[in-house]
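Visitor: The structure under discussion is supplied below as structure tokens; questions concerning it will follow.
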Amino acid sequence: MTTRARYPGAAEYIPHTDDLAAVRAAAQSCHGCDLYRDATQTVFGEGAATASTVLVGEQPGNDEDLDGHPFVGPAGHLLDRALAEIGVDRDSLYLTNAVKHFRFVERGKRRIHQQPRRTEIVACAPWLVTELELVAPDLVICLGAIATQAVLGPKAKVTELRGRIVDAEHYRVGATVHPASVLRATDRAQAYTEFVDDLTRLFEAG
58 MTTRARYPGA
68 AEYIPHTDDL
78 AAVRAAAQSC
88 HGCDLYRDAT
98 QTVFGEGAAT
108 ASTVLVGEQP
118 GNDEDLDGHP
128 FVGPAGHLLD
138 RALAEIGVDR
148 DSLYLTNAVK
158 HFRFVERGKR
168 RIHQQPRRTE
178 IVACAPWLVT
188 ELELVAPDLV
198 ICLGAIATQA
208 VLGPKAKVTE
218 LRGRIVDAEH
228 YRVGATVHPA
238 SVLRATDRAQ
248 AYTEFVDDLT
258 RLFEAG
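Under this note's numbering, the first residue of the sequence shown carries the number 58, and numbering increases by one thereafter.
In structure tokens:
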């Protein structure tokens, strides 16, 4: 029988402050789960500190891990394109991920993304909770299943919530696919159109 890893979690690393920059700095030293051991650095959220809308993704990818900023790789470029198409300024948003370290396996010289485990999502959750408390958005848009479950709970399904808005305790929540899934789609043009349609509905409804 395999024993699932139990991590101490991020809570003990979070400073008692309402300064988002101080929280971001503290996250660089987080050892709440084992992902920090192989990742280059913590990739914390960025953007407008009082944004009315927060976008939450899964975890940093290879480019984000090396660069230290969220959504700067191929999926981030696709997201930028979609936001520009619907007239939303990325600088007006706050962008973050449910998990702050890159989980991967090495294949030769390449680092291949791996989906974070539930235990890692739970361990990292205090950072996301703190970000949402400090930014205090009106709308949270979840990009993909991991983000949707991190915000709404493990039973939430992006397939059922896609393009819809639901009410949470402190903000409204919308969901769509992660832009990386658009890049992997067989019909990328159709997947991109549906992604843009989702974002349009969510921003208009929010």
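Quick reminder that beta carbons are idealized off the backbone N, C-alpha and C, glycines included.
Every value quoted in this text rests on a predicted model; they were computed, and no experiment measured them.
In whole angstroms, what is the alpha-carbon distance linking Leu152 and Thr216?
Guide: 22 Å
Visitor: Taking 7 Å as the cut-off, is the CB of Leu123 close to at least one heavy atom of the ligand MN?
Guide: Looking at this structure, you won't find the ligand MN or any other ligand, since it has none at all.
Visitor: Are the segment 166-177 and the segment 125-135 in contact at 8 Å, needing three or more beta carbon pairs?
Guide: no
Visitor: For Ala151, does the three-state DSSP call read helix, strand or coil?
Guide: The question names Ala, but residue 151 is Tyr in the sequence shown. Strand, per DSSP.
Visitor: Quick one: what does DSSP say Asp244 is sitting in, helix, strand or coil?
Guide: coil
Visitor: Tell me whether the beta-carbon of Gly130 lies closer than 8 Å to the beta-carbon of Glu188.
Guide: Contact: no.
Visitor: Alpha carbon to alpha carbon, how far is Thr110 from Asp146? Give it in angstroms, no decimals.
Guide: 11 Å
Visitor: Using only alpha-carbon positions, find the residue among Phe159, Val239, Arg258, Leu218 that is nearest to His134.
Guide: Val239
Visitor: Provide the residue span of the beta strand (DSSP E) that contains Arg164, from first to last.
Guide: 161-164
Visitor: In or out: Thr59 buried (at least 16 other Cβ within 10 Å) or exposed?
Guide: Per-residue confidence for Thr59 stands at a pLDDT of 43, beneath the threshold of 50, marking its modelled position as unreliable; the derived number appears in the next sentence. Thr59 is exposed by the Cβ-count criterion.
Visitor: Are three or more beta carbon pairs between the segment 235-255 and the segment 178-193 nearer than 8 Å?
Guide: no
Visitor: Short check: CB of Leu200 to CB of His235, under 8 Å?
Guide: yes
Visitor: Specify the secondary structure class of Cys181 as computed by DSSP and reduced to three states.
Guide: In the structure shown, Cys181 sits in a helix (DSSP, three-state: H, G or I).
Visitor: For Pro72 versus Ala79, is the C-beta spacing smaller than 8 Å?
Guide: yes
Visitor: Helix, strand or coil: which one does DSSP assign to His134?
Guide: helix
Visitor: Give the straight-line distance between the Cα atoms of Val192 and Ser149, rounded to the nearest whole angstrom.
Guide: Taking the straight line from one Cα to the other gives about 12 Å.
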